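Q:
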Amino acid sequence: MARWMVGIDTGGTFTDLIAFESETSETRVLKVASVPSDPSVAVINALKELFATGVQPGEVGFFVHGTTAGTNALLEGKGVRTGLLITEGFRAVYEAGSAKRPDPVKLLDPAYTKPPMLVPQWLTEEVRERLDYTGAVITPLEDQQVRQAVRRLRDNEVKAIAVCLLFSFQNADHEERVADVIAAEAPDVRVSLSSRVLPVIREYPRLSTTVVDAYVGPIMETYLSRLVHRLRDVGVTTNQVFLMQSNGGFMRINLGARFPNQTLFSGPAAGVVSGQEIAATSGHRYLITFDMGGTSADISLVIDGHVGETSSGQIAGQDVATPMVSVHTLGTGGGTIAWIGKDGLLKVGPHSAGAVPGPACYGGGGREPTVTDAHVVLGALSGDSRLGGRIKVDKRLAEQAVKTVADPLGLDVVTAAAGIIKVINAHMAIDLRAVFQREGQDPRRYALVAFGGAGPLHAGALARELHVPSVLVPPHPGMTSAMGLLLTNVKHVYVQSSVGLLSAFAPDRMNALFGALRERATADVRDEGLDPKDMTLIRQVDLRYRHQGYELAVACPSEEITEADKATLKRRFDEDHLRIYGVNAADEDAEIVTLRVICEVTVPRLRLPDKRKGDGDVARAVRGKRPVFDFDSAAFVDALIYNREKLFPGDSFAGPAIVEQFDSTTILERGQSASVDGQSNLLIKTGA
Amino acid sequence: MNLDPITNEVVRNRMREVAAVMAHALYHTGYSPILRESQDGAAGLTDINGHGVAVGGGVPFHCFLYSTSIAGILERYPLHTMREGDAFLSNDPYKVANSHVPDTVVAAPVFHRDRIIGFAITMAHKADVGGLVPGSSGAAAREIFHDGLLIPPVRYWTRDGVASEVEALVCNNSRVPEEIAGDIRGQVGATLLGTTKLRELCDEYGVDTVTAVMGQLIESTADRFRRELAAWPDGAAGAEGRLDHDGVDKTSPVVIRVRATKTGDRLQIDFTGTSIQARGPVNALQVTAQAASLIAAVAVIDPTMPINWGVRQAVDFVMPPGTLVTPKFPATINNYFPTVHLVYNCVLTALGKLNPKRATAPSGLGSGAMAIGYTRDRTGKPAVQYELMKLALGASQHHDGVTIGGPMHIFTPGTPIEILESEYPVTVKTFGLSLDSAGAGRRRGGVGYVREYEVLDNCILTVRCTNYREGSWGVLGGSAPRRSQATFLPRDADKLLLDCLDTQQMRPGDRVRFEQSGGGGYGPPHERSVAEVVDDVRSGYVSLKEARDIYGVYLTAEGDRLSCDEVATHAARSGAKA
């Protein structure tokens, strides 16, 4: 019997499916419209389309889903009514927030406001208790007082309660006892304890993350149980059903409702996984992934094959400190709107036409010019293209929209359209350069990987401006998040803060802390129905110099830490600090802040077969030619139009050219050349 | 030169990028973590005249100081004496307009081929440059020479590297010599990076294009400012604020008085009536006071315009000499920030009176910092717990004021309680909200906060704040917020209200409690909706008494439920309107 692996990624506009049969290497990709009101409907619709191609539901042996259920609840403010229990006397912690600087345009606005609190003060109750910095009890918890607080929240009809007490990462006893009281007094309420969600030092990020967990938890529960039922209803019987996480790995779906924070950034994370896979197979170990869709673009760096990690995520202004793949999101996409600023110059963004009405050329009622409309005017996208396999573009509408900015500038429509592309490329280049700068990386050793419907339209020009010598366009650039779903492992990250000077930190204490994290890993992996013997573990310590406000994660040299290992940790920390910040303080002691265990379990993965080599004659792929705007000469030149499906490994051709495929369009500028590598990536030499 | 609108827009963005890149380097290449954590510094580019064209980083008002800084350097080093690769250093406020002595200025000429086309410049806080106390800024200072080593403009760096004699002299005058050396070198690096990036921009777009865009940036901001202003009604309005005292005679307040006059597309800001210069450290340099005024003007007039010298061109100042904001050398200015914060609030208020549609209530007053010096931290070493005080911001037409924020658009994260207690022998007893601290109004000011510490070891507390007696105010019928105050609570003696410039020896078990002001209210409190007042009461922002007495909303609490006496409420509210 055939055994299909299926990955389904929910996006804002489309839900993408990729299916792969491991024996025959047969592959299917398809897109269906997303259903924001109930994303599981689109998941089932995609499966039905797959089954219509002859795949049997019983043949699905491995299923991975990238969900935005929790993300959307946050973006739309549609989480559940949530209560919060905090240590008595500390109502200002949540109110103060992170003091992050607002967007530049808001920086000097005297009427700026902070992002809303997901729990108002009147649903926040204080718990009489206090621990000191070692976790020792200063003020003992009183069950009776907690009971009254919980009853008030219950009477206010909260569906979830977040609990975040000071120093609970050192001693979870008080929080656990609060959970017991909630279980007795309000058994239907979902509880999020900060000591379980994120047992790390710094009360505000821990509190915010715990509140987000509570706020979206019940939504995830409902969504996942509905999805499980629907999968069963259409005959998908495998128990190998996984969710993509923000950390770039899977968890079994039965853990999903337990860790709702873990899936909030799964879409961008899946894209990065695809980038990492390309780094592993293409011979390019240093990549910058550039995933540009309709409303935003995600950037990440793959440094020597590895993706960075961060603990400072933000969605809809809410801080989420769960460890996750490091992705920078820019507010620029194909739908980004061009307009005339108060200084009379051409501005592009940050507003977007979104999915509705969308760019003017889609005929959905949009009147304002977008980046996509500019591409239509300039010939990169044509009236014959069908974006996403579905949307037909109307050049006349695009021209009308661009004219609304061309006229006040005193420019013709083509020059204005070219201006839109120049301005948005300048914006994106600035942000891309900043990513390189922050990581201390040299763009000249990098390749840019173009993802998303719009990524390959901008990649060549951007790479050239950034001095990045080559661009890789994978076979399905518009499907990379779905692809990433079949390219990774089960992965869990466990963190535990415990502060102390490295020199004075007893190895036994470190080993005990690591041991406890390992036990949590073992328990979760067992709950997932996997064998703990298959776990691989990485141990890391987050170190800083005293009084610094940030840490660097340093890998432990061995399983059992000894005094000698501590010197190795210190040396690695000094080296990393020097590399990233240009300075270090090697003669100062380092401080341990947090310990971390990363647990992975290998599962089956997609292995795309090498495509057969072509005959070298690219004429087979030429669909025709049309005039396309050339930025260097500021004039239209005739460009050959290639059909991506008919390009094979070994093919090569030169710009000016356009490569069309159902999920994306690639521009090859004059002076650039492209070839198809063994994995069917299009490799563009940018001339930088 | 005729610039096409696309190139113009692209090069402008690229110029802002250069400033941002410099600021990033400024925060990340220094030795001490202080600058990185507080982001108390900024970086920018100027044209050949020293006029700021772009600024990046946490303190945007620095942009308006640059022309004085560059003029000060040019006075000693005329253009023809400058060489490619040079960087000049100074921290003498009376020469280069740094806000106070711990802020060092580094500027470097940007050469394109053999021609200087502008300057890269940075201004950033240093941990210690000598002076009366660690950190350099002492309450006992009576002249600028007490504030630390005064470095005149000197050639600190050349193509061959650092001027080591100068470096040795500077370091020899700091309590933390290695830190200072590393931080200044980092600052030089960030500044020179700006020269490289701007030169690259010239190579890419042509030097004439880049200099033309610089000119246009300034011109278009000035135009935009004037255009927005022209749509305002002509008129004049004043505002006045007070500091508790001049730092020496603690019995009488000192006054900032501002009068804004708008005629056509010109704005004049007149400081006549401001108190004479203080003997203590609360003076602010003329250019710093101007910079705070300009930031306030931009905030009211159009906060989305790019900040550059063009704003300065559109505003005239009348500033009689010898006042708090025009002190004469050698007046000390080390505690300048509360003074310019007050200037900001006054200008914001005066402009709001000129055009009530743009009015915003001012933030609470009481900015500054406190420090607790311990002989032993948790690891046994001497250490200082330093904390910038936050405030609540004022309300505006559509929004309640922000609760817990930085004044004057300065955003600095606070140290987490769990970090504080892990590092220092201290317990934070509370970090809560102060009931009834917000200025009442149709839009309520932000809510003030209370933060109390109990120290577990002997230590010295230094309070360097302001406005514990003289508070902020509301606008358009909104109420003033409650004032800031600090209380010393010794374990075995009576509590004691602290002065805003104060020092106390603390012993284990002693406590200190800071209550920070709320923000000013906007519009009459009786116009706030009953539902919002109910929310405020339920949230612990407003008491039942204030709801009744100030907002005219009659609520009674029965257990957890609030019920509203609609008849009494209606009577109170309609009575007030009649």
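If you read the sequences in order, they're chains A and B. Numbering-wise, the first sequence is residues 307 to 994 according to this note's numbering. Numbering-wise, the second sequence is residues 99 to 676 according to this note's numbering. Cβ atoms here follow ideal geometry from the backbone N, Cα and C, with glycine treated the same way. Model, not experiment: these values are computed from the prediction.
By Cβ distance, which residues of its chain are closer than 8 angstroms to F209/B, with the 5 residues on each side in sequence left out?
A: Residue mapping note: residue 209/B aligns to position 111 of the second sequence, counting from 1. Contacts found: E182, I215, T293 and R297.
Q: For I470/B, does the count of other Cβ atoms within 10 angstroms reach 16, so buried, or fall short, so exposed?
A: Taking the second sequence and counting its residues from 1, one reaches residue 470/B at position 372. The residue is buried, with at least 16 neighbouring Cβ atoms inside 10 Å.
Q: With DSSP as the reference, label F689/B as helix, strand or coil.
A: For chain B, the structure presents residues 99 to 676; residue 689/B sits outside this window and is missing.
Q: Measuring straight from C-alpha to C-alpha, what distance separates D201/B and H343/B?
A: Mapped onto the second sequence, residue 201/B falls at position 103. Mapped onto the second sequence, residue 343/B falls at position 245. Answer to the nearest angstrom: the Cα atoms are 25 angstroms apart.
Q: Is the Cβ of W428/A closer than 9 angstroms to any Cβ of chain B?
A: Against the first sequence, residue 428/A aligns to sequence position 122. W428/A counts as touching chain B.
Q: Under three-state DSSP, which class holds H571/B?
A: In the second sequence, the residue the question calls residue 571/B occupies position 473. The sequence shown places Trp at residue 571/B, rather than the His named in the question. Three-state DSSP puts W571/B in coil, outside helix and strand.
Q: Indicate whether the contact test is met: 3 or more Cβ pairs, each with one atom in the region 589 to 607 of chain B and one in the region 638 to 655 of chain B, closer than 8 angstroms.
A: No, the region 589 to 607 of chain B is not in contact with the region 638 to 655 of chain B.
Q: By how many angstroms is the C-alpha of D604/A removed from the C-alpha of P493/A?
A: If you number the first sequence from 1, residue 493/A lands on position 187. If you number the first sequence from 1, residue 604/A lands on position 298. If you take the alpha carbons of P493/A and D604/A, they lie about 41 angstroms apart.
Q: Please classify K426/B as buried or exposed, where buried requires at least 16 neighbouring CB atoms within 10 angstroms.
A: The residue labelled residue 426/B in the question sits at position 328 within the second sequence. So K426/B ends up on the exposed side.
Q: Taking buried to mean at least 16 other C-beta atoms within 10 Å of its own C-beta, is D679/A buried or exposed?
A: Residue numbering aside, residue 679/A sits at position 373 when the first sequence is read from its first letter. Buried, by the Cβ-count rule.
Q: Rounded to whole angstroms, what is the Cα-Cα separation between A222/B and T386/B?
A: Locating residue 222/B in the second sequence gives position 124, counting from the first residue. Locating residue 386/B in the second sequence gives position 288, counting from the first residue. When rounded, the distance between both Cα atoms is 15 angstroms.
Q: Given this structure, state the Cα-to-Cα distance separating G313/A from L531/B, to the nearest angstrom.
A: Here residue 313/A corresponds to residue number 7 of the first sequence, with the count starting at 1. Here residue 531/B corresponds to residue number 433 of the second sequence, with the count starting at 1. In a straight line, the C-alpha of G313/A is about 49 angstroms away from that of L531/B.
Q: In three-state terms, what does DSSP make of S572/A?
A: As a first step, residue 572/A is located in the first sequence; it is residue number 266 there, counting from the start. DSSP places S572/A in helix when its eight states are reduced to three.
Q: Taking a cut of 9 angstroms between CB atoms, which residues from the region 439 to 450 of chain B lie near chain A?
A: Residues L446.
Q: Verify the CB distance criterion: does F935/A have a CB-CB separation below 9 angstroms to chain B?
A: Start at 1 with the first residue of the first sequence, and residue 935/A comes out as number 629. No, its Cβ sits nowhere closer than 9 angstroms to a Cβ of chain B.
Q: Give me the residue from Q314/B, V274/B and R257/B with the minimum Cα distance to M99/B.
A: As a working note, residue 99/B is residue 1 in the second sequence. Residue Q314/B is the option with its Cα nearest to M99/B.
Q: Going by DSSP, which residues form a beta bridge with E338/B?
A: In the second sequence, the residue the question calls residue 338/B occupies position 240. E338/B is bridged to R355/B.
Q: For a minimum of 3 consecutive residues, which ranges assigned as the beta strand (DSSP E) are wholly contained in the region 530 to 613 of chain A?
A: Counting whole runs of 3 or more residues, the region 530 to 613 of chain A contains the beta strand (DSSP E) stretches 547 to 550, 556 to 558, 593 to 598 and 603 to 609.
Q: Taking all protein chains shown into account, do 16 or more other C-beta atoms lie within 10 angstroms of the C-beta of L267/B, making it buried, or fewer, making it exposed?
A: Within the second sequence, numbered from 1, the residue matching residue 267/B stands at position 169. L267/B comes out exposed.
Q: Count the other CB atoms, across all protein chains shown, that sit within 10 Å of the CB of P523/B; report buried if there are 16 or more and exposed otherwise.
A: Residue numbering aside, residue 523/B sits at position 425 when the second sequence is read from its first letter. So P523/B counts as buried.
Q: Against chain B, which members of the region 393 to 418 of chain A pass a CB distance test of less than 9 angstroms?
A: Answer in chain order: E394, G395, F396, R397, A398, V399, E401, A402, G403, S404, A405, K406, R407, P408, P410, V411, K412, L413, L414, D415, P416, A417 and Y418.
Q: Enumerated in chain order, which unbroken segments of the beta strand (DSSP E) with a length of 3 residues or greater are wholly contained in the region 275 to 355 of chain B?
A: For the region 275 to 355 of chain B, whole beta strand (DSSP E) runs of length 3 or above, ordered along the chain, are 333 to 341.
Q: Report the partner residues of M630/A according to the DSSP bridge assignment.
A: For the purposes of this step, residue 630/A is taken as residue 324 along the first sequence, with counting starting at 1. Bridge partners of M630/A: T616/A.
Q: Taking 9 angstroms as the threshold (beta carbon to beta carbon), is F529/B in contact with chain E?
A: You won't find chain E in this structure, because its protein chains are A and B.
Q: Measure the beta-carbon distance from L773/A to A994/A and round it to whole angstroms, keeping in mind my assumption that it falls under 8 angstroms.
A: As a first step, residue 773/A is located in the first sequence; it is residue number 467 there, counting from the start. As a first step, residue 994/A is located in the first sequence; it is residue number 688 there, counting from the start. First, the amino acid is wrong: residue 773/A is His here, not Leu. That belief holds up - the Cβ atoms of H773/A and A994/A are roughly 5 angstroms apart, short of 8 angstroms.
Q: Helix or strand or just coil, what does DSSP make of H122/B?
A: Residue mapping note: residue 122/B aligns to position 24 of the second sequence, counting from 1. The answer is helix: DSSP assigns H122/B an H, G or I state.
Q: With distance defined between alpha-carbon atoms, name the residue in Q551/A, P363/A and L561/A nearest to E615/A.
A: On the first sequence, residue 615/A is found 309 positions in, with the first residue counted as 1. Of Q551/A, P363/A and L561/A, the residue nearest in Cα terms is Q551/A.
Q: Between the Cα of R458/A and the Cα atoms of V495/A, G671/A, C470/A and S404/A, which residue gives the shortest distance?
A: By 1-based counting over the first sequence, the position of residue 458/A is 152. Ranking the options by Cα distance to R458/A, first place goes to V495/A.
Q: Indicate the three-state DSSP secondary structure (helix, strand or coil) for I242/B in the structure shown.
A: Counting from one through the second sequence, the residue named residue 242/B turns up at place 144. If DSSP states are grouped into helix, strand and coil, I242/B belongs with the helices.
Q: Report yes or no: is there a C-beta of chain B within less than 9 angstroms of the C-beta of I488/A?
A: For the purposes of this step, residue 488/A is identified with residue 182 of the first sequence, where counting begins at 1. Closer than 9 angstroms: no.
Q: If you draw a straight line from the C-alpha of W428/A to the C-alpha of Y752/A, how long is it?
A: If you number the first sequence from 1, residue 428/A lands on position 122. If you number the first sequence from 1, residue 752/A lands on position 446. Approximately 52 angstroms, taken between the alpha carbons.
Q: Counting only beta-carbon atoms, is G156/B nearer than 9 angstroms to chain A?
A: To locate residue 156/B, count along the second sequence from 1; it is residue 58. Closer than 9 angstroms: yes.
Q: How should Q603/B be labelled, buried or exposed, when 16 other C-beta atoms within 10 angstroms of its C-beta is the threshold for buried?
A: For the purposes of this step, residue 603/B is taken as residue 505 along the second sequence, with counting starting at 1. The residue is exposed, with fewer than 16 neighbouring Cβ atoms inside 10 Å.
Q: State yes or no: is the beta carbon of I61/B nearer than 9 angstroms to at least one beta carbon in chain A?
A: With chain B covering only 99 through 676, there is no way to say anything about residue 61/B.
Q: Answer yes if the region 320 to 336 of chain B comes into contact with the region 163 to 172 of chain B, meaning at least three C-beta pairs across the two stretches below 8 angstroms, and no otherwise.
A: Touching, no.
Q: Roughly how many angstroms lie between the CA atoms of G619/B and R770/A, to the nearest whole one?
A: Along the second sequence, one-based indexing puts residue 619/B at 521. Along the first sequence, one-based indexing puts residue 770/A at 464. Distance between the alpha carbons of G619/B and R770/A is about 53 angstroms.
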